[in-house]
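K.L.:
Chains as they are written, first to last, in this note's numbering: chain A, 1 to 319; chain B, 1 to 319. We put the beta carbon where it would ideally sit given N, CA and C, even for glycine. Just so we're clear, the structure is a prediction, and the values are computed from it rather than from any experiment.
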C-alpha cells in the first residue's frame with residue numbers, strides 16, 4: 001500500500017470513528033446529551049483510535065477495529081470526566097471543563113454512562129479475551145489515579161511510584177489500544193507482545209513529555225500557566241530529581257504547593273541548572289527508542305513506520 | 001429441599017460471597033484499601049446477592065451464580081460511591097460516607113476500580129449475553145441517576161420521570177440479579193422473562209418504599225431526619241401527588257427545599273390528610289402483587305416462596 005492510500009485509510013477510519021462515537025453515546029437524557037456534545041465536538045487528538053488503526057494496519061486485517069477504538073476512547077473519556085474532580089483542571093482540551101458547566105454529579109454519572117456504552121461495545125465485539133484485557137487496563141487506570149492522589153496526600157514521592165502512576169493513568173490504555181488489536185487479529189504471540197510493549201513504552205514517554213511540559217513549557221503551548229502539577233502536589237520525574245538535589249528549597253516549595261510568587265520560575269531555573277531537565281529528556285528518548293525497538297518484531301509496513309513516527313514525535317519541542 | 005437445608009444454603013452462599021468479595025476488591029493501593037474496608041466491613045443487607053441466590057435456586061443449578069452476585073454488587077457499590085457526591089448523604093449504611101473520610105476524588109476513582117473488577121468477573125464467567133445484560137443495566141442506572149439530577153435542577157416533575165428514575169437507579173440492577181441467573185442457567189424464555197419481571201417490579205416497589213419512608217418514616221427508623229429528598233429537590237411519588245393537590249403551598253416548600261422550620265411536618269400532614277400517603281402504599285402493594293404474579297411462571301419451590309416473601313416484606317412498616 002502506498003503512503004497516500006494509507007493516509008486516506010486513516011482519515012476514513014477517523015471519520016467513521018467520529019460518526020459511530022456520536023451514535024454510541026447518544027442518550028435520551030438531556031443532561032447526558034450536554035456532556036456528549038462537549039465530548040464529540042471537542043474532539044481531541046484521538047491518539048488512542050489512531051493507535052488502534054495503526055496497530056491493526058500493521059497486523060493486516062483486524063475485525064472490529066473500529067469498535068475497539070470506540071471502547072478504548074470511551075474508557076479514556078470517562079476517566080477525563082472522573083478525573084476533573086481531582087485535577088481541578090481549569091481547561092480541558094481548551095474548553096471549560098464539563099464539571100464546571102453541569103456540576104460534578106452529572107460529570108461523574110455521565111462518565112459511568114460512557115463506561116456502560118463501552119461494555120455494550122465489548123459485548124458486541126464478542127471476544128472474552130478482550131473483555132479481560134479491558135478490565136485489566138481499567139483496573140490499572142483507576143489504581144494509578146488513586147495512587148497519584150495518595151502520593152500527593154501523604155508525600156510518598158519515589159521514582160517507583162511515579163512509574164506506576166504514569167503507566168496506570170496513561171500507558172495502560174495505550175497498551176490496550178495496541179494489544180487489543182493483536183487480540184482481535186489473533187496475532188502470533190510475538191506480535192502481540194511487541195505491540196503491547198510498544199503501547200506501554202509509547203504511553204510512558206507520552207506522559208513523561210506531558211509532565212515535562214507542565215513545568216518547563218510556555219503557557220502559550222500549554223494553554224494554561226506552567227506548574228499545575230506543583231500546585232496539586234504532584235511530583236513528576238523532573239521535580240523528583242529536584243527534591244533529591246535540593247531537598248530543603250524544593251521541599252519547601254512543594255509544601256506550600258508553589259503558591260509564592262516566583263516558585264515555578266525558580267523550579268524551572270533549578271531544572272536547567274542541575275541538568276534535571278536534560279536527564280528527563282534523555283529518559284524520554286530512551287523510552288521512545290525502546291518502543292521503536294519493540295516494533296522490530298513486526299514485519300516492515302507503512303503502518304509500522306507510522307507508529308515509529310508517532311513515537312518520535314514525543315521528542316519534538318522538548319529541547 | 002427442606003426449608004432448613006435451604007436456609008443453610010443461603011447462609012453459606014452469603015458467607016462465600018463475603019469472602020470472595022474481600023479477595024476481588026483487594027488492591028495494592030492503600031487508599032483503595034480504605035474504601036474497600038469500608039465496603040466489606042460495612043456489609044449492608046446484600047439484597048442483590050440474595051436475589052441472585054434465590055433466582056438461581058428457583059431455576060435449579062446455575063453456574064457462576066456467585067460471580068454474578070459479586071458483579072451485580074460491585075456495580076451497586078460503585079454507584080453508591082459515585083452517588084455520594086450527589087446525595088450529599090450524611091450517613092450511608094450507618095457509617096460516615098466514604099467521601100467525607102477520603103475525599104470525593106478517591107471515592108469516584110475507587111468506584112471505577114470496583115467497576116474494573118466487575119468487568120474482570122464477567123470475563124471470568126465467560127458469557128457474552130451476560131456482558132450485554134450488565135451493560136444495559138449499568139446504562140439504565142447511570143441514565144436514571146442523571147435524570148434524577150436533571151429533574152431536580154429543572155423542576156421537570158412528572159410521574160413518567162419518577163418511574164424512569166426508580167427503574168434506573170434501583171430496579172434495573174434487581175432485574176439484572178434475577179435475569180442474569182436465568183441467562184447463566186440457559187433457562188427457557190418464559191422463566192427468564194418471569195424472573196426479569198419479578199426483579200424489575202420488586203426493585204420498583206423497593207425504591208417506592210424507600211422514598212415513602214424518606215418522607216413519612218421516623219428519624220429512628222431512617223437513621224437520619226425525614227425529608228432528605230425534599231432538601232435535595234427530589235420529587236417522589238408521594239410529593240408529586242402533593243404538588244398536584246396543593247400546587248402553591250407545596251410548590252413553595254419545594255422551591256425553598258424544605259428549609260423552613262415545620263416544612264417537612266407540614267408535608268407529612270398533607271400526605272395523610274389528602275390520602276396521598278395511602279395511595280402510594282396502594283401503588284406499592286400493586287407492584288408487589290404483580291411481582292409475585294410474575295413468579296407463577298416458575299415451578300413451585302422453596303426458593304420461589306422465599307422470593308415471594310422478600311417482595312411481601314416491602315409492605316411491612318408502611319401503614
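Check each residue of the stretch 108–122 of chain A: if its Cβ is closer than 9 Å to any Cβ of chain B, include it; give the result in chain order.
P.N.:
108, 109, 110, 111, 112, 113, 114, 115, 116, 117, 118, 119, 120, 121 and 122
K.L.:
Can you tell me whether residue 63 of chain B is helix, strand or coil according to DSSP?
P.N.:
The residue given as residue 63 of chain B occupies position 63 in the second chain. Here residue 63 of chain B sits in coil by DSSP.
K.L.:
Would DSSP call residue 227 of chain B helix, strand or coil?
P.N.:
Taking the first residue of the second chain as position 1, residue 227 of chain B is located at position 227. In the structure shown, residue 227 of chain B sits in coil (DSSP, three-state: anything other than H, G, I, E or B).
K.L.:
Taking Cβ positions, are residue 71 of chain B and residue 39 of chain B nearer each other than 8 Å?
P.N.:
By one-based count along the second chain, residue 71 of chain B stands at place 71. By one-based count along the second chain, residue 39 of chain B stands at place 39. Against a cut-off of 8 Å, the Cβ pair of residue 39 of chain B and residue 71 of chain B comes out as no contact.
K.L.:
Give a yes or no on whether the minimum CB-CB distance between residue 259 of chain B and chain A is below 8 Å.
P.N.:
Position 259 of the second chain, counting from 1, holds the residue named residue 259 of chain B. Not closer than 8 Å to any Cβ of chain A, the Cβ of residue 259 of chain B fails to qualify, so no.
K.L.:
Distance cutoff 8 Å, beta carbons only. Does residue 20 of chain B sit that close to anything in chain A?
P.N.:
On the second chain, residue 20 of chain B is found 20 positions in, with the first residue counted as 1. With 8 Å as the cut-off, residue 20 of chain B does not count as an interface residue toward chain A.
K.L.:
Using only CA atoms, which one of B:152, B:287 and B:299 lies nearest to residue 233 of chain B?
P.N.:
The sequence position of residue 233 of chain B within the second chain is 233, counting from 1. Taking only the C-alpha atoms, the option nearest residue 233 of chain B is B:152.
K.L.:
Taking the alpha-carbon positions, what's the residue 26 of chain B to residue 17 of chain A distance?
P.N.:
By one-based count along the second chain, residue 26 of chain B stands at place 26. By one-based count along the first chain, residue 17 of chain A stands at place 17. Rounded to whole angstroms, residue 26 of chain B to residue 17 of chain A spans 36 Å at the Cα level.
K.L.:
Pull up the distance between the alpha-carbon of residue 275 of chain B and that of residue 225 of chain B, whole angstroms please.
P.N.:
Taking the second chain and counting its residues from 1, one reaches residue 275 of chain B at position 275. Taking the second chain and counting its residues from 1, one reaches residue 225 of chain B at position 225. Cα to Cα, residue 275 of chain B sits roughly 23 Å from residue 225 of chain B.
K.L.:
Skipping 5 residues on each side, what residues in its chain have a beta carbon closer than 8 Å to that of residue 205 of chain A?
P.N.:
Within the first chain, the letter at position 205 stands for residue 205 of chain A. The beta carbon of residue 205 of chain A lies closer than 8 Å to those of 284, 287, 288, 291, 311 and 314 in the same chain, with the five residues before and after it left out.
K.L.:
Could you check if residue 158 of chain B is buried or exposed, using at least 16 other CB atoms within 10 Å of its CB as the buried criterion?
P.N.:
For this step, residue 158 of chain B is matched to residue 158 along the second chain. The residue is exposed, with fewer than 16 neighbouring Cβ atoms inside 10 Å.
K.L.:
Compute the Euclidean distance between the alpha carbons of residue 21 of chain B and residue 66 of chain B, then round it to the nearest angstrom.
P.N.:
Numbered from its first residue, the second chain carries residue 21 of chain B at position 21. Numbered from its first residue, the second chain carries residue 66 of chain B at position 66. Roughly 10 Å between the two C-alpha positions.
K.L.:
So, is the C-beta of residue 131 of chain B closer than 8 Å to a C-beta in chain A?
P.N.:
If you number the second chain from 1, residue 131 of chain B lands on position 131. Taking Cβ atoms only, chain A reaches closer than 8 Å to residue 131 of chain B, which makes this a yes.
K.L.:
Within the chosen definition, does the stretch 182–196 of chain A reach the stretch 211–220 of chain A through at least 3 CB pairs nearer than 8 Å?
P.N.:
no
K.L.:
For my contact list, residue 14 of chain B and residue 49 of chain B are in at a C-beta cut-off of 8 Å; report their separation, rounded to the angstrom.
P.N.:
Against the second chain, residue 14 of chain B aligns to sequence position 14. Against the second chain, residue 49 of chain B aligns to sequence position 49. With a Cβ gap of about 6 Å, residue 14 of chain B and residue 49 of chain B count as contacting.
K.L.:
Could you give the first and the last residue of the continuous alpha helix (DSSP H) run that contains residue 25 of chain B?
P.N.:
Position 25 of the second chain holds residue 25 of chain B. Element bounds for residue 25 of chain B: n/a, residue is neither H nor E.
K.L.:
How would you call residue 261 of chain B, buried or exposed, if buried means at least 16 neighbouring beta carbons within 10 angstroms?
P.N.:
Start at 1 with the first residue of the second chain, and residue 261 of chain B comes out as number 261. Using a 10 angstroms sphere on the CB of residue 261 of chain B, the tally of other CB atoms stays under 16, which defines it as exposed.
K.L.:
Pull up the distance between the alpha-carbon of residue 135 of chain A and that of residue 105 of chain A, whole angstroms please.
P.N.:
Here residue 135 of chain A refers to the residue found at position 135 when the first chain is read from its first residue. Here residue 105 of chain A refers to the residue found at position 105 when the first chain is read from its first residue. Their Cα atoms are separated by approximately 24 Å.
K.L.:
Check each candidate in B:156, B:217, B:302 and B:300 and name the one with the smallest Cα separation from residue 243 of chain B.
P.N.:
Here residue 243 of chain B refers to the residue found at position 243 when the second chain is read from its first residue. That would be B:156, whose Cα lies nearest to the Cα of residue 243 of chain B.
K.L.:
Going straight from the alpha carbon of residue 185 of chain B to that of residue 175 of chain B, what length do you get?
P.N.:
As a working note, residue 185 of chain B is residue 185 in the second chain. As a working note, residue 175 of chain B is residue 175 in the second chain. Between residue 185 of chain B and residue 175 of chain B, the C-alpha separation is close to 15 Å.
K.L.:
Closer than 9 Å by beta-carbon distance: list the chain A residues that pair up with residue 32 of chain B, in chain order.
P.N.:
Translated into the one-based positions of the second chain, residue 32 of chain B becomes position 32. Those are 142, 143, 146, 147 and 150, listed as they occur along chain A.
K.L.:
List the residues of chain B that residue 213 of chain A touches, going by C-beta distances under 7 Å, in chain order.
P.N.:
Numbered from 1 along the first chain, position 213 holds the residue referred to as residue 213 of chain A. In chain order: nothing, as chain B lies at least about 23 Å away.
K.L.:
Rounding to the nearest angstrom, what Cα-Cα distance links residue 239 of chain B and residue 318 of chain B in this structure?
P.N.:
By 1-based counting over the second chain, the position of residue 239 of chain B is 239. By 1-based counting over the second chain, the position of residue 318 of chain B is 318. The alpha-carbon atoms of residue 239 of chain B and residue 318 of chain B are separated by roughly 16 Å.
K.L.:
So, residue 138 of chain B versus residue 116 of chain A, is the Cβ gap smaller than 8 Å?
P.N.:
In the second chain, the residue the question calls residue 138 of chain B occupies position 138. In the first chain, the residue the question calls residue 116 of chain A occupies position 116. Yes. Within cutoff.
K.L.:
Can you name the start and end residues of the alpha helix (DSSP H) that residue 151 of chain B belongs to?
P.N.:
Within the second chain, the letter at position 151 stands for residue 151 of chain B. Taken as a continuous stretch (DSSP letters only), the alpha helix (DSSP H) holding residue 151 of chain B covers 128–154.
K.L.:
Check whether the Cβ atoms of residue 32 of chain B and residue 142 of chain B lie closer than 8 Å to each other.
P.N.:
Taking the first residue of the second chain as position 1, residue 32 of chain B is located at position 32. Taking the first residue of the second chain as position 1, residue 142 of chain B is located at position 142. No, Cβ-Cβ distance for residue 32 of chain B and residue 142 of chain B is not below 8 Å.
K.L.:
Is DSSP giving residue 234 of chain A helix, strand or coil here?
P.N.:
As a position in the first chain, residue 234 of chain A is number 234, starting the count at 1. Correct three-state label for residue 234 of chain A: coil.
K.L.:
Are the beta-carbon atoms belonging to residue 296 of chain B and residue 257 of chain B less than 8 Å from one another?
P.N.:
Position 296 of the second chain, counted from the start, is the residue given in the question as residue 296 of chain B. Position 257 of the second chain, counted from the start, is the residue given in the question as residue 257 of chain B. For residue 296 of chain B and residue 257 of chain B, no; Cβs fall outside 8 Å.
K.L.:
Could you please give the first and the last residue of the uninterrupted alpha helix (DSSP H) stretch that includes residue 219 of chain B?
P.N.:
The count along the second chain starts at 1 and reaches residue 219 of chain B at position 219. Run containing residue 219 of chain B: 219–222, per the alpha helix (DSSP H) assignment.
K.L.:
List the endpoints of the continuous alpha helix (DSSP H) containing residue 167 of chain B.
P.N.:
Here residue 167 of chain B is taken as the residue at index 167 of the second chain, counted from 1. Counting along the chain, residue 167 of chain B falls outside any alpha helix (DSSP H), and DSSP gives it neither H nor E.
K.L.:
Closer than 7 Å by C-beta to residue 277 of chain A: which residues in its own chain qualify, once you throw out the five before and the five after it? Chain order, please.
P.N.:
Locating residue 277 of chain A in the first chain gives position 277, counting from the first residue. If we look at residue 277 of chain A and ignore the five residues flanking it on each side, its Cβ neighbours are 216, 238 and 271.
K.L.:
Would residue 196 of chain B count as contacting chain A if we go by Cβ distances under 8 Å?
P.N.:
Mapped onto the second chain, residue 196 of chain B falls at position 196. So no, residue 196 of chain B is outside the interface.
K.L.:
For residue 236 of chain B, I'd like the list of residues in its chain whose CB is within less than 6 Å of its CB, leaving aside the five on either flank, ordered along the chain.
P.N.:
Residue mapping note: residue 236 of chain B aligns to position 236 of the second chain, counting from 1. Same-chain partners within the cutoff: 211 and 229.
K.L.:
Would you say residue 180 of chain A faces chain B, with C-beta separation under 8 Å as the test?
P.N.:
To locate residue 180 of chain A, count along the first chain from 1; it is residue 180. No - not a single Cβ of chain B is within 8 Å of the one on residue 180 of chain A.
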